[in-house]
Amino acid sequence: MLQSRLFTKTRKDAPKDEVALNAQLLIRGGYIHKEMAGAYSYLPLGLRVLDKIKNIVREEMNSLGGEELVMTSLQRKELWEETDRWDDERVDVWFKSALKSGAEVGFGWSHEEPITDMMKEYVASYRDLPVYVYQFQTKLRNELRAKSGIMRGREFLMKDMYSYTASEEAHKEFYDKVTAAYLKIFERVGLGDITYLTFASGGAFTQFSHEFQTVLPAGEDTIYIDSKKRIAVNKEVLNDEVLSKLGLDKKDLVEETAAEVGNIFSFGGAKSEQLGLNFKNEDGESVPVTLGSYGIGITRLMGVVVEALGDEKGIVWPKSIAPFRAHLLLLSEDAKIKALANEVYKTLEKNGVEVLYDDRDQRAGEKFADADLLGIPSQIIIGNKTAESKLFELKDRESGKTSEVNLEHLIAELRG
Ligand code: ATP
Ligand code: MG
């Protein structure tokens, strides 16, 4: 992509009312646009990052046997009344509206109720189970405070998966597989070292739900980490009884501030019972389906990566989710050198390397600063020297290290 064609532009300052580092950097880079507190638009560069994150998550969900769908955001009041979750006293993040007829509707802050209700049409017998379904869905939540940029939106993208199984054992087996897949996802997006499986409140069978918490000063949660065992306990459930149940010792735990990037839940048969999702087991008895619910905050994850991996110059994307693999910087007005840069750009694209080509008429200093702000993993610098040497300066955004390579090596490096 030619940078001169991007309608977005980098900017020196973020809006004054934006206090979150993730949103400040993403706005300055032209990745997102702030519409109001908690509501952001994803611009071409930002969308590329979101799509990469989604594809990693999609691959992992598909390998678990997940089937992708998309639910509607409009939800019926009557359905949520069946589980006593319509009332604003019970759920304080509802956005609600009404049809012309006067019927009340809610905008989906979660899809556990509608998807479980829908399954009544498709699940009747043990032969119909298990079912694993997932979606990437825009959730709407009227959050009281939205000061964490895209880490806490009033509108945000979530991947939610639901498992419908015939027994507690089948549920447990799948739940463990999801846990492993989640850890792999956080590894793949570059947060593996600082993300912990965390015991939290809620959940049938074991009294816990599991969160995936990434250590981050800007996070909103407090967790206690056992770094040897690589697990953590959320402050909200930390007590002596819980520690002994989990076989943890207080003196091995370190307190950290963290951001919740994922949350998985066992509902047992409770919600299916409330909504009437039953199936005939092998003995012909009607029993409730066992439900599991598995969420990852896709847009929050993007914000967490920006906060956790960035530096004082800007964003540092891991290769796996960067909008482009390389940023080609043309630093000369000489026609011959410009032709060379054009040639390199074409050759890289032909070889399947995603390149953002800074072909703008800007001073070198500005191009460098913008490249560091945008955070694309490798910068290829083509200036007056390059014409004679035919060696390209390749700079790693993360380490700042540079090397001089010929075209062949450049392609090999960036393809790999
Ligand atoms: P939190 O405790 O942060 O409010 P939650 O427990 O209500 O989150 P879940 O309903 O479990 O969140 O949603 C699944 C995932 O969606 C969370 O783990 C988080 O990553 C993400 N998420 C939740 N709320 C938001 C939000 N307002 N903005 C962005 N992502 C969110
Ligand atoms: Mg949660």
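For the sequence shown, the numbering used here gives the first residue as 265, with consecutive numbering after it.
Glycine included, C-beta positions come from ideal geometry on N, C-alpha and C.
Cβ-Cβ distance between residue i and residue j below 7 angstroms
i, j, result
"PRO552", "SER530", "no"
"GLY556", "HIS375", "no"
"LEU592", "LYS631", "no"
"VAL568", "THR462", "no"
"GLY578", "ASP636", "yes"
"ALA496", "TYR446", "no"
"ASN498", "ALA468", "no"
"GLY647", "SER596", "yes"
"GLU662", "ILE645", "no"
"VAL321", "LYS423", "yes"
"MET383", "TYR439", "no"
"GLY483", "SER473", "no"
"ILE528", "VAL608", "no"
"SER361", "VAL369", "yes"
"PRO481", "VAL313", "no"
"THR554", "GLY533", "yes"
"ALA301", "ALA410", "yes"
Proximal residues to residue i (C-beta, below 7 angstroms), its chain only, five neighbours per side dropped
i, result
"LEU655", "GLU668, VAL669 and ASN670"
"LEU333", "VAL397 and GLN399"
"THR272", "GLY294, LEU307, PRO308 and LEU309"
"ALA303", "GLY417, ARG418 and GLU419"
"ARG613", "Before going on, a small fix: residue 613 reads as Glu here, not Arg. VAL619."
"VAL260", "Nothing can be reported for residue 260, as the shown portion of the chain is limited to 265 through 680."
"ASP315", "none"
"ASP352", "TRP358"
"LYS514", "LEU507"
"GLU520", "VAL479, ILE487 and ILE489"
"ALA628", "LEU595"
"SER365", "none"
"VAL580", "LEU573, GLY574, GLY639, ARG661 and GLU662"
Beta-carbon contacts of residue i that lie in its chain and below 8 angstroms, excluding the five residues immediately before and after
i, result
"ARG589", "LYS583, VAL617, GLU618, VAL619, ILE640, PRO641, SER642 and LEU678"
"ILE296", "ALA287, LEU290, TYR304, SER305, TYR306, LEU307, GLY310 and ILE414"
"ASN545", "TYR390, ALA430 and VAL551"
"THR611", "LEU671 and ILE675"
"LEU277", "One detail in the question is off: residue 277 reads as Asp in this sequence, not Leu. ARG292."
"ARG275", "ILE291, ARG292 and GLY294"
"GLN267", "LEU620, TYR621, ASP622, ASP623 and ARG624"
"TYR386", "ASP392 and VAL395"
"ASP598", "ASN648 and ALA651"
"LYS448", "GLU324"
"ILE458", "THR478, VAL479, LEU480 and ALA572"
Sheet register partners of residue i (DSSP bridge)
i, result
"PRO552", "ASN542"
"SER557", "TYR426 and PHE529"
"THR459", "THR478"
"ALA522", "VAL479 and ASP485"
"ILE645", "LEU593 and GLU657"
"SER305", "HIS297"
"SER268", "In the DSSP output, where bridge partners are listed per residue, SER268 has none listed."
"ASN498", "ILE487"
"GLU332", "TYR398"
"VAL442", "Answer is none; VAL442 lacks a bridge partner."
"GLN339", "GLY370"
"ALA362", "GLU368"
"LEU492", "The residue you asked about is not Leu; residue 492 is Lys in the sequence shown. Beta-bridge pairing links LYS492 to no other residue."
"LYS708", "This structure does not reach residue 708, given that the chain is present from 265 up to 680, and the question cannot be answered."
"GLY664", "In DSSP, GLY664 forms no bridge with anything."
"ASP622", "LEU593"
"PHE588", "Beta-bridge pairing links PHE588 to no other residue."
"PHE472", "SER465"
"GLY578", "ASP575"
Neighbourhood of residue i by C-beta distance below 6 angstroms, restricted to the same chain and skipping five residues each side
i, result
"PHE359", "PHE371, LEU404 and ASN406"
"LEU285", "GLU571"
"THR336", "none"
"LYS659", "GLN643 and THR666"
"VAL518", "ILE489"
"LEU270", "none"
"GLU331", "VAL397"
"MET265", "LEU620"
"SER412", "ALA284"
Minimum Cβ-Cβ distance from residue i to chain B less than 7 angstroms
i, result
"GLN538", "Reference to chain B is not applicable here, since this structure consists of a single protein chain."
State whether the segment 367–386 contacts the segment 335–347, with contact taken as three or more CB pairs (one from each stretch) at a distance under 8 angstroms. In short, these stretches touch, since the Cβ pair count reaches three.
With a cut-off of 8 angstroms, do at least 3 Cβ pairs link the segment 558–566 to the segment 513–527? yes
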